[in-house]
Amino acid sequence: HRCHGQHGQERTEDLLLHDVGVLRRAHQHRRGDVALLGVGGPAATTALVAVCGAAPAAHEVMQIGPATVLGLPGPRFAVLAAAEEGEAMRARFAGHATAAEFAVWQWLTIRAGVPIITAATQDALVAQAANWDLLGGIDFRKGCFIGQEVVSRVEHRGSARNRVVAVRFDGAAPPAGADVMAGDKAV
Numbered sequence: 004h005r006c007h008g009q010h011g012q013e014r015t016e017d018l019l020l021h022d023v024g025v026l027r028r029a030h031q032h033r034r035g036d037v038a039l040l041g042v043g044g045p046a047a048t049t050a051l052v053a054v055c056g057a058a059p060a061a062h063e064v065m066q067i068g069p070a071t072v073l074g075l076p077g078p079r080f081a082v083l084a085a086a087e088e089g090e091a092m093r094a095r096f097a098g099h100a101t102a103a104e105f106a107v108w109q110w111l112t113i114r115a116g117v118p119i120i121t122a123a124t125q126d127a128l129v130a131q132a133a134n135w136d137l138l139g140g141i142d143f144r145k146g147c148f149i150g151q152e153v154v155s156r157v158e159h160r161g162s163a164r165n166r167v168v169a170v171r172f173d174g175a176a177p178p179a180g181a182d183v184m185a186g187d188k189a190v
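See the structure below:
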């Protein structure tokens with residue numbers, strides 16, 4: 004199952020896009036309440052293998068014991084387990100990873116090149132403009148999905164008119180979706 008990138012999020016807790024919501028609902032259906040752990044950073048794969056014995060590739064899903072693990076670019080992983088397993092999983096990860104605030108996960112997401120889709124930007128981007136083609140997050144062999152015709156048209160044209168890029172600047176952040184200007188021209 005692959006991420007499609009055109010699903011805007013109402014809550015930034017689920018920066019993992021559509022697939023985590025699907026996995027969470029499937030996990031809840033099978034097991035009840037769910038604990039969601041994010042594991043990311045340079046040693047994320049090593050930590051996950053030490054705790055769970057394996058790690059999926061980006062955009063892949065593995066069932067590892069009581070946990071469902073989604074591999075994300077970065078490397079980052081979303082680990083879903085039954086709520087009663089959540090504290091035990093956190094304790095096992097404590098020997099291999101450092102707990103961090105959600106802002107660190109957001110930074111790792113941006114660092115991986117994954118755009119953070121918000122209500123202000125969800126209707127302004129096609130999947131390629133959000134770099135999902137570069138991240139391997141569009142499956143052009145899949146049957147149909149929301150926005151498929153536009154995504155396909157951009158793919159066959161050969162390039163997106165705009166792309167989301169990471170920028171670093173001093174001062175307050177501009178509003179989400181603001182144009183980057185070079186003189187009086189939007190770039």
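Plus 3 on top of the position in the sequence shown (first one is 1) and you've got this note's numbering.
Glycine residues also receive a C-beta, built at the ideal position from the N, C-alpha and C atoms.
All values reported here derive from a predicted model rather than from experimental measurement.
Check                                                                                                                        : Outcome
Same chain, Cβ closer than 7 Å to Leu138, neighbours up to 5 away in sequence not counted                                    : Pro76, Gly116, Val117
beta-carbon Val64 near the ligand NAD non-hydrogen atom, thresh 7 Å                                                          : This structure does not include the ligand NAD; it has no bound ligands of any sort.
Ala127 and Gly180 closer than 8 Å at C-beta                                                                                  : yes
Residues near Gln31 by beta carbon distance below 6 Å, same chain, minus five either side                                    : Confidence at Gln31 is low in this model, with a pLDDT of 49, below 50, so its placement is unreliable and the value that follows should be read with caution. Contacts found: Val37.
Cβ-based neighbour list, Trp110, same chain, cut-off 6 Å, excluding 5 preceding and 5 following                              : none
Among Met184, Arg156, Thr49, the one whose alpha carbon lies nearest that of Gly98                                           : Thr49
Chain-order list of residues whose beta-carbon lies under 7 Å from that of Asn134 (same chain, five-residue window excluded) : Gly116, Pro118, Arg166, Val167
Sequence-distant residues of its chain with Cβ nearer than 6 Å to Pro59 (five each side left out)                            : Met65, Val72, Gly74
CB contact flag (Ile113, Ala169, <8 Å)                                                                                       : yes
Nearest to Cys55 (by Cα), restricted to the options Gly43, Pro69, Pro45, Ala46                                               : Pro69
Local Cβ density within 10 Å of Ala86, reported as buried at 16 or more and exposed below that                               : exposed
Segments assigned beta strand (DSSP E), at least 3 residues, entirely inside the region 58-82                                : 64-67, 70-75
Sub-8 Å separation of Phe130 and Val154 beta-carbons                                                                         : Correcting the residue identity first, residue 130 is Ala in this sequence and not Phe. Yes, Cβ-Cβ distance for Ala130 and Val154 is below 8 Å.
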